[in-house]
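Colleague:
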Amino acid sequence: MIARPARVIGVGNLQRGDDAVGILAVRRLRRRHPGRFEVVECEGEMSALFDAWEGAERAVVVDAVRAGVTPGTLHRFDAAATRLQAGIFVGSTHAFGVAEAVELARSLGILPPALVVVGIEVKRFTLGAPLSPGVAAALDRLVERVAVEAAPRAAAKPHRSRG
Amino acid sequence: MSRGRSRTIKVDVLARVEGEGALTVRLKGDAVVDVQFRIHEPPRFFEALLRGRAFGEAPDITSRICGICPVAYQMTAVHAMEDALGVTVDGPLRALRRLLYCGEWIESHALHVTLLHAPDFLGYESGIAMAKDHPEAVTRGLQLKKAGNELMRLLGGREIHPVNVRVGGFYRVPARRELAAIEERLKRALDEALAVVRWVRDFPFPDFERDYEFVALRHPTEYPILGDRLVSSRGLDIAVRDYDAHFTEEHVERSSALHSVRTGHGAYAVGPLARYSLNFDRLAPVAQQAARDAGLGPVCLNPFRSIVVRAVETVQAVDEALRIIAAYQPPDDDAVPVVPCGGTGCGCSEAPRGILYHRYRLAGDGTILEAKIVPPTSQNQKTIEEDLWRFVEPRVHLGEQELTWQCEQAIRNYDPCISCATHFLKLSLERA
Chain A
16 MIARPARVIG
26 VGNLQRGDDA
36 VGILAVRRLR
46 RRHPGRFEVV
56 ECEGEMSALF
66 DAWEGAERAV
76 VVDAVRAGVT
86 PGTLHRFDAA
96 ATRLQAGIFV
106 GSTHAFGVAE
116 AVELARSLGI
126 LPPALVVVGI
136 EVKRFTLGAP
146 LSPGVAAALD
156 RLVERVAVEA
166 APRAAAKPHR
176 SRG
Chain B
30 MSRGRSRTIK
40 VDVLARVEGE
50 GALTVRLKGD
60 AVVDVQFRIH
70 EPPRFFEALL
80 RGRAFGEAPD
90 ITSRICGICP
100 VAYQMTAVHA
110 MEDALGVTVD
120 GPLRALRRLL
130 YCGEWIESHA
140 LHVTLLHAPD
150 FLGYESGIAM
160 AKDHPEAVTR
170 GLQLKKAGNE
180 LMRLLGGREI
190 HPVNVRVGGF
200 YRVPARRELA
210 AIEERLKRAL
220 DEALAVVRWV
230 RDFPFPDFER
240 DYEFVALRHP
250 TEYPILGDRL
260 VSSRGLDIAV
270 RDYDAHFTEE
280 HVERSSALHS
290 VRTGHGAYAV
300 GPLARYSLNF
310 DRLAPVAQQA
320 ARDAGLGPVC
330 LNPFRSIVVR
340 AVETVQAVDE
350 ALRIIAAYQP
360 PDDDAVPVVP
370 CGGTGCGCSE
380 APRGILYHRY
390 RLAGDGTILE
400 AKIVPPTSQN
410 QKTIEEDLWR
420 FVEPRVHLGE
430 QELTWQCEQA
440 IRNYDPCISC
450 ATHFLKLSLE
460 RA
């Protein structure tokens, strides 16, 4: 079986300061590695996330996280294996962030067999503001981390969880 | 509870409402002494952002205010601009706008009814918890929502922040066959929507009614989505362009939002309950029948039953979409010509949560000099607080947890679009 890269889903809101980072990261990934990854941009709306990972054996979601550590810190969550903590992911437009979407999909049995969430600690969400310095400085590191996570590998062993 | 003892119910982060909001209810003995429902809204930012931009940019800029009702913002903006520029959009172009708007109603109502509001009545802390026990209902709600999203994608170019709408019409109108492609999907959605009404009609509703002043659009023949006249249950009947003469926004100390009042009258309610109660006679037969079967009369004064009204409105939106598609003949042009000129224009449309009002003042070259945006949630905010005053007092005997839960539920009746954007919850976590 030919190893395929994971589908990469950038989540965020371009109007909301650091919340743009998930989208900006996947755009940079696409420019750095033209044609290598299947990239989807998503504003975090729950059913759009479901659509974004539908049919994917492996997916990597990139989102802003607010866990109270230094801005720019990277987080990695194996969402297929462990429950995500609600409330730390900020890329949501309707009270449903990535964590809620993942847990709902898990309840309904529509989670991809392999799903990794790469988060980056963010600082501010000022409307219309650019990335804050710590987040902007970490963007390249985030993009490379996502490239590694999404790199082609032998087919994942499906271990679909039904919660 | 002993007289004189003070209690404070405080909810710093409201679950299952959009955006950031907080609620404080202060009790002294059995009396409510203060209710503060605080919200933070971004429209002021966008009003400032719009100044100096070209009139044609307003639909795209304002559609970014809310990720759930972008079509409402876009449609209200184009109507206000067309009013300012003396342009009339009717026939198939107007029908397509209604069709796009139906998509937004379907997806917004389906989400709120199924995942945000139903858990309150069935005793779950979240839609996720509910999904484990009610997977069919949740899947059905998501399917219905997806049908709405597909309609938005078809007409809007994409489902969030659609980009196909412009002042004067659309950038590209669909061919008949493109619309026909979604017809089968919508026929299924009609069955799903009717099933949702049957699901929610028997939920346990608190015994609570209020004599609201309802405000909604009113159209000669249509259930209101787009329109030129505003009516109220207390006799108001005005042109949309007279909105500012009848409604005032008041600054509230504790909130970045403004409270709207009907000038000289006080709080008023907008949204599904208002639309339904003022326009029952404009519902399609299938939606009227669904309402009757669900035990609703032509007027509904219990805000907790708004979940049933939303379900009925979803039936209405799907049926309306099917009728528009069946009658669709593509227009000769994608848009009517628009020539920039100076002036002031107003627009109003029925967002899923209630009327959204825009007013723009343009310079001679079409540059925006001034923008005013009044979202439905700021219009409902005072009514939400008044609901809580009345709702809490007979329930003060309840335990802290139960009372807090019921207060949150009373707020969720309004599907409040609090910041129309990212919600920020501050929780700690372990790092991976």
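These protein sequence lines map, in sequence, to chains A and B. The working numbering applies: residue 16 is where the first sequence begins, and numbers increase by one. The working numbering applies: residue 30 is where the second sequence begins, and numbers increase by one. By construction, the Cβ of each residue, glycine as well, lies at the ideal position given by its N, Cα and C atoms.
#1: Helix, strand or coil: which one does DSSP assign to B/Tyr153?
#2: With three or more C-beta pairs closer than 8 angstroms as the rule, is the segment 204-222 of chain B touching the segment 395-402 of chain B?
#3: Where does B/Gln345 land, buried or exposed, given buried means 16+ other C-beta within 10 angstroms?
#4: Is the segment 305-323 of chain B touching the segment 242-252 of chain B in the sense that three or more CB pairs, one from each, lie closer than 8 angstroms?
#5: Can you find a C-beta in chain E that's less than 8 angstroms from the C-beta of B/Phe150?
#6: Which residue from A/Ala120, A/Thr85, A/Leu130 puts its Cα closest to that of A/Ala96?
#7: Quick check: the Cα distance between A/Ala144 and B/His138, rounded to an integer number of angstroms?
#8: Tell me A/Cys57's beta-bridge partners as DSSP assigns them.
#9: Using 8 angstroms as the limit for Cβ to Cβ distance, is A/Gly143 near chain B?
#10: Tell me where the alpha helix (DSSP H) around A/Ala153 begins and ends.
#11: With DSSP as the reference, label B/Asp273 as helix, strand or coil.
#12: Taking CB distances under 8 angstroms as the criterion, tell me whether B/Asn178 reaches chain A.
#13: Mind checking who A/Phe92 pairs with in its DSSP beta bridge?
#14: By the 10 Å Cβ neighbour count, where 16 or more other Cβ atoms means buried, how is B/Thr487 classified, buried or exposed?
#15: Would you call B/Trp418 buried or exposed, if buried means 16 or more other Cβ atoms sit within 10 Å of its Cβ?
#16: Take B/Arg490 as the anchor and find which of B/Glu136, B/Lys57, B/Tyr153, B/Val425 has the nearest alpha-carbon.
#17: Could you pull the start and end residues of the alpha helix (DSSP H) that B/Ile402 belongs to?
#18: Distance, Cα to Cα, A/Leu142 vs B/Gly324?
#19: According to a CB-to-CB cut-off of less than 8 angstroms, which residues of the segment 123-157 of chain B neighbour chain A?
#20: Hey, is A/Glu53's beta-carbon within less than 8 angstroms of any beta-carbon in chain B?
#21: Count the other CB atoms within 10 Å of the CB of B/Lys175; is the residue buried (16 or more) or exposed (fewer)?
#22: If you pair each beta-carbon of the segment 326-346 of chain B with each one of the segment 72-91 of chain B, do three or more pairs fall below 8 angstroms?
#23: Determine the direct distance from the alpha carbon of A/Ala153 to that of B/Ala356, and round the result to whole angstroms.
#24: Any beta carbon of chain A sitting closer than 8 angstroms to that of B/Lys175?
#25: Counting only C-beta atoms, is B/Leu79 closer than 8 angstroms to chain A at any point?
#26: Below 8 angstroms CB to CB, which residues in the same chain sit around B/Arg195 once its five sequence neighbours on both sides are set aside?
#27: So what does B/Ser378 bridge to, in DSSP terms?
#28: Quick check on the burial criterion: 16 or more other C-beta atoms within 10 angstroms. Buried or exposed for B/Ala9?
#29: When DSSP builds the beta bridges, which residues end up paired with B/Ala364?
#30: Quick one: residues in its chain with C-beta nearer than 8 angstroms to the C-beta of B/Cys98, no 5 flanking neighbours on either side, listed in chain order?
#31: Roughly how far, in whole angstroms, is the beta-carbon of B/Pro369 from the beta-carbon of B/Leu145, given that I think they are within contact range, below 8 angstroms?
Modeller: Let me lay it out:
#1: coil
#2: no
#3: buried
#4: yes
#5: The question asks about chain E, but that chain is absent: this structure's protein chains are A and B.
#6: A/Leu130
#7: 32 angstroms
#8: A/Val26
#9: yes
#10: 148-165
#11: helix
#12: yes
#13: A/Val132
#14: Nothing in the structure corresponds to residue 487 of chain B, since chain B is present only between 30 and 461.
#15: exposed
#16: Chain B is shown only over 30 to 461; residue 490 of chain B falls outside these bounds and no answer can be derived.
#17: Counting along the chain, B/Ile402 falls outside any alpha helix (DSSP H), though it belongs to the beta strand (DSSP E) covering 397-403.
#18: 44 angstroms
#19: Glu136, Leu140, Leu144, Leu145, Ser155, Gly156, Ile157
#20: no
#21: buried
#22: no
#23: 54 angstroms
#24: yes
#25: no
#26: Gly85, Pro88, Val107, Ala364
#27: B/Leu255, B/Leu385
#28: The question about residue 9 of chain B has no answer here: the residues shown for chain B are numbered 30 through 461.
#29: B/Gly198
#30: Glu133, Ser137, Ala380, Pro381, Arg382, Leu385, Cys446, Cys449
#31: 41 angstroms between Cβ atoms; not a contact.
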